[in-house]
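> Shown below is the structure under consideration.
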Amino acid sequence: MIGIYCPYQFTHPTKRPFKQLAMYVKSEQRSGDYLVNYNGRAHHLWESKYYGIPAPIYVPGKPLPLYVGTAQMTPQDTISSLPARISGRLGVISSEPAERISLPGYRLIEVQRFGELSVSWWR
Numbered sequence: 453m454i455g456i457y458c459p460y461q462f463t464h465p466t467k468r469p470f471k472q473l474a475m476y477v478k479s480e481q482r483s484g485d486y487l488v489n490y491n492g493r494a495h496h497l498w499e500s501k502y503y504g505i506p507a508p509i510y511v512p513g514k515p516l517p518l519y520v521g522t523a524q525m526t527p528q529d530t531i532s533s534l535p536a537r538i539s540g541r542l543g544v545i546s547s548e549p550a551e552r553i554s555l556p557g558y559r560l561i562e563v564q565r566f567g568e569l570s571v572s573w574w575r
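One gets our numbering by counting positions in the sequence shown from 1 and adding 452 to each.
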């Protein structure tokens, strides 16, 4: 069974609705907003870059583990702390449920879901 499933999955990967998420972010982003990718189950750095959304991966406390793609990242692709002052909202791109995201000093104000992807806005 696994021998049949693996080739199919490789040639027909699940495609998350990142295009719709990107269109939403671009239409809702305001001057002063700051965007990050939350490193939960997965990050979406490459999708963000593809759609022109500057959103480094927020990795508090420790560096990312070495995995496919890490070697291609630049120092600007990750941040270990959030900016001290953001004049707008903090936008968080994630495949982690917004309720599981912990951002000390910020409170959740809105969540927009796109399948298992979400954009949450914090102040």
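Beta carbons are placed, not taken as given, at the ideal position from N, Cα and C, and that holds for glycine. This structure is a prediction, so every number in the text was calculated from the model and none was measured.
Where does T466 sit, in a helix, a strand or coil, going by DSSP?
Looking at T466 - three-state DSSP - the assignment turns out to be coil, as it is neither helix nor strand.
> Could you tell me whether any Cβ in chain B is nearer than 8 Å to the Cβ of R559?
No chain B appears in the structure shown, which is made up of a single protein chain.
> With distances taken from CA atoms, which of G557, F566, Y519 and E568 is nearest W574?
With distances taken between Cα atoms, W574 lies closest to G557.
> Can you check the segment 496-552 for any beta strand (DSSP E) of at least 3 residues that lies completely inside it and give the ranges in chain order?
The segment 496-552 contains these whole beta strand (DSSP E) runs: 542-546.
> For I545 versus A494, is the C-beta spacing smaller than 8 Å?
Going by C-beta atoms, I545 is not nearer than 8 Å to A494.
> On the three-pair Cβ rule with 8 Å, is the segment 521-529 touching the segment 465-478?
Output reads no: the segment 465-478 does not touch the segment 521-529.
> What does V571 pair with, by DSSP beta-bridge criteria?
The partner list for V571 (beta bridge, DSSP) reads I545 and Q564.
> Short of 6 Å in beta carbon distance, which residues of its chain neighbour N491, apart from the five on each side in sequence? Order them along the chain.
Excluding residues within five positions, the ones whose Cβ falls inside 6 Å are I509 and V511.
> N489 lies in the beta strand (DSSP E); which residues open and close that run?
Element bounds for N489: Y486 to Y490.
> Looking at C-alpha atoms only, which residue of I505, D529, G504 and Y503 is the closest neighbour of P515?
Among I505, D529, G504 and Y503, the Cα nearest to that of P515 belongs to D529.
> Quick one: is Y433 buried, meaning 16 or more other Cβ sit within 10 Å of its Cβ, or exposed?
No answer is possible for residue 433: the residues shown for the chain start at 453 and end at 575.
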